[in-house]
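Trainee: Here the sequence shown is numbered in this note's numbering, starting from 4 and rising by one per residue.
Structure below; questions to follow.
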Amino acid sequence: MTGKAVAPWVRTRLRTAPGAAAALALLVLVTAWLAAAYPRGVDTYEDEGLRRTVASAPPGRTALQFTAGAPGLALPDDQRAAMVGPEPMRQRFDAVVRNVPAPLTSDPTQSTYGLRTTRKLPSDEPYLPRPNGLPPRFTVASQADLGSHSRLVSGRLPAGSADQKAAEAEVAVTVETAKSLDLRAGSVLHVAGIGRPPLAFKVTGVVEPLLPEAGYWSVLPALRTPQLLPASDDRDAPKYWHGGLLLAPTAAATLFATDGKPEMYVQLAPQTTALTDRQLTAVKASLASLQSGPALSRLHTVYAASSSSYTELDQVLRSYQTVRDSIDPVVAVAGFGTATVAAVVLLMAGGLAASRRAAELALLRARGGALRQIAGRLLAESTVVVVPAAALGLLLAVLALPEGRFGPALAAAAGVAALGCLALPVRAALTHRTVRSAAERADPVREKPSARRTVAELTLLALAVAAVFALRRRGTAGGPADALLSAAPVLVGVIAALVLIRLYPLPLRWAARPATRLRGTVGFLALARAGRAPGGGALPLLALLTALTTAAFGGSVLAGSDDARDRAALYATGTDARIGSDLPLPGDLPGRVSRVPGVQGISPVSIEYSVPLPAGAGSGQGAGGDEGENPGAIDRTTVAGVDPASYARLTAGTALGIDADRIKAPPDAPGKAVAPGKAVLPAIASPAVAHRLGKEPVTLHVAGKDLAVRVIAVQDRSAAVPQSDFLLLDTAGLGAKYATVLLVGGTSLDGKALREAAAGAHVSVALRSEVRQEYADSPLQTGAGHIYTAAVAAGAGLAALALLLSLLRGAPERSALLARLRTMGLTRRQGRSLLVLEALPSALLAGAGGALTGWASIALLAPGIDLAGLAMANTGGLAPVGAELRADPMSLALPAVCVVLLAAGVAAAQAWWSGRRGTITELRAGDAR
């Protein structure tokens, strides 16, 4: 054997077994594609999630806002006017844009600047609306580029000069401002001046914003849409209208003549189209520099010495990072599981090739072949097939997922290629490191584990215990993905596989003894061969248990996420649909709604908000509460009157269900005022209300009368008032005449038809199905869910392939055995039974062990797994709902059953195929099988 024969050797071997080479290339191609696609897929959904988070946040939170006081306070009026002219303001704006540190970039189409008043200017024109007798107040801004961000509806755009002594200035208003404040082109608004007569703002045009929700109009929403604001912090304070007036940039100096304390401002809308998750740390550092660092110091020089910055973009990014960090460890579990199964399958493919060529390699060693030369030629033979296949898999992953980093994908594909290249030569080198007979046989029943194997298994056990302990203690919500924590379920599966491999001989021995006393030989022969089959060993069982554990864990994760969304949607709407209004609903609305297709039930609810609770009521312990518990001190609550029968029917089978008989009002309590001896209305209360009212009857002023109420049950949430503290009463006892909410039940409600039925009633319609969809409508959640599902599916497919490889390894020997036994009188039916019974022990062991390991891993790791981020697009209200990981019976049972059925099916198919080939074909002269 010399180095000159390497190329002929490789070419000869590939021509000899083209089918095996093609199968290996296909396996490496698929595995490399999956390995390269995983990091790029994660990058893709994380980048989309970050962009969506920033883009969907209110522009007032994400915009970079820079302000500075009015310039040149000690200068003459003409010089001050020149400082706020269009060109100097434009130069300041450009200087700010240039000094925003990378990778932060601004969107020029939605960024703007100008001069605006910081104090609202009142105008006492008689035609202006006054909801509570207070005159409207206005914010006036000389916002740049008004014409390119609006469409002129009537009149013309404002113009003007920088004359501070002018008696009149031209402004424009939006359509909504004109509609709410009765303004039109030609209207005049007078505001107080400083040391001069009032300044008149003449409306010369009404404009319609082109993109009203974008940054140009929404950073300061009052310029677009007038607001009703309270005059003080008191909740019941009188309100006034606050609107916006748009001044021409050329007339910005006019604001110096008002009492509005004008300031210069620049608002930069962040550019989100090129934002990536890998830039997150750098973006946060840039924001910190702008808020109180070197970048802000530079702005003091190029913009104004008194400039300050404000943005909530860092908080938006922090909220995204929190959700991402809670999702990544959960998704990484599927990645680790699939990667482990893929590695095992590649090793099994190398083992199968080494087993198929065992006689050839043993002969080479017996004739003096050097182990290094044999391994080198096997490596060259594998490299020729594996490297092109891995490169093609990487190319397909890049084409399928054009976004994402190339480095991690390349590393993953290279890892697959390295494992595919080394599996055959390393396995052959380990097997043939000493000259041996090709007829030697491995027997798992009699095999004794070595000391090295014991040390390796104990090391893995220590890692698994450490991973489980760390995951339960820290949880997945404590930070970014950690390799040890994410590998915890996989390590549990690996340990279970090693334990089952050690225990595998025991049930075979126990079952073989009674089988010897049976009349037939099929059962004993099948059990005896199950312990000696060449396909048996650690790798197939390791692949199957890892895949089954990952599938059970992943299925439970996805089921838990769906369950959390279902409960959150139920808690948001109460029933399948909710029709509500702050005013009494029309009397004919229930009839119209009941005729909508899909409606199966309606329950009217009368709600009164902010009902005062009696001071000092209760004993400090609510009905069903614990002594000393204090859920929270409240002085007001929401009282809901329901029809017990219809309400109970709609909420039956949910967490919001009630016993209708418990809150029915007594016959002598028809909603009349409380008198001595009158009946007390039973009520269901939230924990805080129950704690405040106690167990004894109390008097509440509800619906214009005093009623005696006693809490008889405590419930965390209710369908009538799903998102606040409540008191649930019978409408008959409450005496309410009008309903303000309709609870609607139906499994297939038509949202469009339901809204058409409620049209004209000034109501809001919320469907449970639509609310549930909103919870999952986020690239982070949907992308992570798709990655998780794909990883679990790929792991299951690779596990099935591992089972097939295990059975394929012993297929030639089993076919020859069947042929020999048929010459001794074995029937086709007995041959099929023999192969099926031979495959069942390992399949049953893997199926039962996988289901048990999956359940155990979920039970061990559930306290540390947080599904809130994966379940909800907005986790703000998820904490009371809960998103716990629970074992899903279908995810545990279905993969295990599939393993058993697949093993039995493959064995039966092999028996059928062997019968078709015939005995002579299988028992060829000189065949060593």
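For every residue, glycine included, the Cβ atom is placed at its ideal position computed from N, Cα and C.
#1: Under 8 angstroms by Cβ, that's how I've got residue 60 and residue 306 pegged, so tell me the actual separation to the nearest angstrom.
#2: Using the Cβ count rule (16 or more neighbours within 10 Å means buried), how would you classify residue 152?
#3: So, is residue 350 buried or exposed, given that buried needs 16 or more other C-beta atoms within 10 angstroms?
#4: Taking the C-alpha atoms as reference points, what is the distance between residue 560 and residue 348?
#5: According to DSSP, is residue 122 helix, strand or coil?
#6: Within this structure, are the beta carbons of residue 251 and residue 145 separated by less than 8 angstroms?
#7: Please report how far the alpha carbon of residue 411 lies from the alpha carbon of residue 549, in whole angstroms.
#8: What residues match up with residue 16 in a beta bridge as DSSP calls it?
#9: Please report the Cβ distance between residue 714 and residue 688, rounded to the nearest whole angstrom; I am assuming they are in contact, meaning their Cβ atoms lie under 8 angstroms.
#10: Under 8 angstroms, with one C-beta from each stretch per pair, do the region 833-843 and the region 278-297 reach the 3-pair mark?
#11: Distance, Cα to Cα, residue 156 vs residue 249?
#12: I'd like to know whether the C-beta atoms of residue 564 and residue 336 end up nearer to each other than 8 angstroms.
#13: For the pair the region 596-611 and the region 743-763, tell me if three or more CB-CB distances fall below 8 angstroms.
#14: In whole angstroms, what separates the C-alpha of residue 729 from that of residue 215?
#15: For the alpha helix (DSSP H) holding residue 614, just list the boundary residues, first then last.
#16: Express the C-alpha separation of residue 892 and residue 15 in angstroms, rounding to a whole number.
#17: With a threshold of 7 angstroms on Cβ separation, who are the neighbours of residue 686 within its own chain once the five nearest residues in sequence on each side are excluded?
#18: From residue 552 to residue 493, what does the alpha carbon distance come to, in whole angstroms?
#19: Assign residue 457 to one of three DSSP states: helix, strand, or coil.
#20: Ends of the alpha helix (DSSP H) at residue 330?
#21: Less than 8 angstroms between the beta carbons of residue 64 and residue 74, yes or no?
#22: What three-state label does DSSP hand residue 679 in the structure shown?
#23: With a CB to CB cut of under 8 angstroms and the five nearest residues on each side skipped, what residues in its chain are close to residue 137?
#24: To which residues of the same chain is residue 271 closer than 6 angstroms at the C-beta, ignoring the five residues directly before and after it?
#25: What are the uninterrupted segments assigned as alpha helix (DSSP H) that are 4 or more residues long and contained completely in the region 720-796, given in chain order?
#26: According to DSSP, is residue 230 part of a helix, a strand, or is it coil?
#27: With a cut-off of 8 angstroms, do at least 3 Cβ pairs link the region 276-287 to the region 31-39?
#28: What residues match up with residue 267 in a beta bridge as DSSP calls it?
#29: Mind listing, in chain order, the continuous alpha helix (DSSP H) runs of no fewer than 4 residues lying wholly within the region 179-239?
#30: Considering only their Cβ atoms, is the gap separating residue 890 from residue 861 smaller than 8 angstroms?
#31: What three-state label does DSSP hand residue 136 in the structure shown?
#32: List the endpoints of the continuous alpha helix (DSSP H) containing residue 245.
#33: Are the Cβ atoms of residue 874 and residue 554 separated by less than 8 angstroms?
#34: So, do the region 49-60 and the region 207-214 have three or more beta carbon pairs nearer to each other than 8 angstroms?
#35: Going by DSSP, name the residue or residues bridged to residue 155.
#36: Quick one: grab the DSSP three-state call for residue 703.
Mentor: So, to answer that:
#1: About 25 angstroms separates the two Cβ atoms, so there is no contact after all.
#2: Looking at its Cβ environment, which holds 16 or more other Cβ atoms inside 10 Å, residue 152 is buried.
#3: buried
#4: Going from the Cα of residue 560 to the Cα of residue 348 covers about 25 angstroms.
#5: Here residue 122 sits in coil by DSSP.
#6: yes
#7: 24 angstroms
#8: Per DSSP, none; premise fails for residue 16.
#9: Taking a contact as a CB-CB distance under 8 angstroms, the pair residue 714 and residue 688 counts as one, their CB atoms being some 5 angstroms apart.
#10: Using a Cβ-Cβ distance cut-off of 8 angstroms, the region 833-843 and the region 278-297 are not in contact, since fewer than three pairs of beta carbons, one from each stretch, lie closer than that value.
#11: 15 angstroms
#12: no
#13: yes
#14: 38 angstroms
#15: Looking at the DSSP string, residue 614 is not in any alpha helix (DSSP H); the run it does join, the beta strand (DSSP E), is 604-615.
#16: 52 angstroms
#17: 666, 712, 713, 714, 715, 730, 731 and 732
#18: 7 angstroms
#19: Judged by DSSP in its simplified three-state form, residue 457 adopts helix.
#20: Residues 316-359.
#21: It is not a contact, given that the beta carbons lie outside the stated cut-off.
#22: Residue placement at residue 679 is poorly supported in this model, since its pLDDT is 42, which falls under 50; the coordinates are not used for a value here.
#23: 234, 241, 242 and 243
#24: 67, 109 and 114
#25: The region 720-796 contains these whole alpha helix (DSSP H) runs: 734-737, 754-760 and 771-779.
#26: strand
#27: no
#28: 71 and 118
#29: 218-221
#30: Contact annotation: residue 861 and residue 890 have beta-carbon atoms nearer than 8 angstroms.
#31: coil
#32: Premise fails: residue 245 lies in the beta strand (DSSP E), 242-250, not in any alpha helix (DSSP H).
#33: no
#34: no
#35: 210
#36: Under the three-state reduction of DSSP, residue 703 is assigned to strand.
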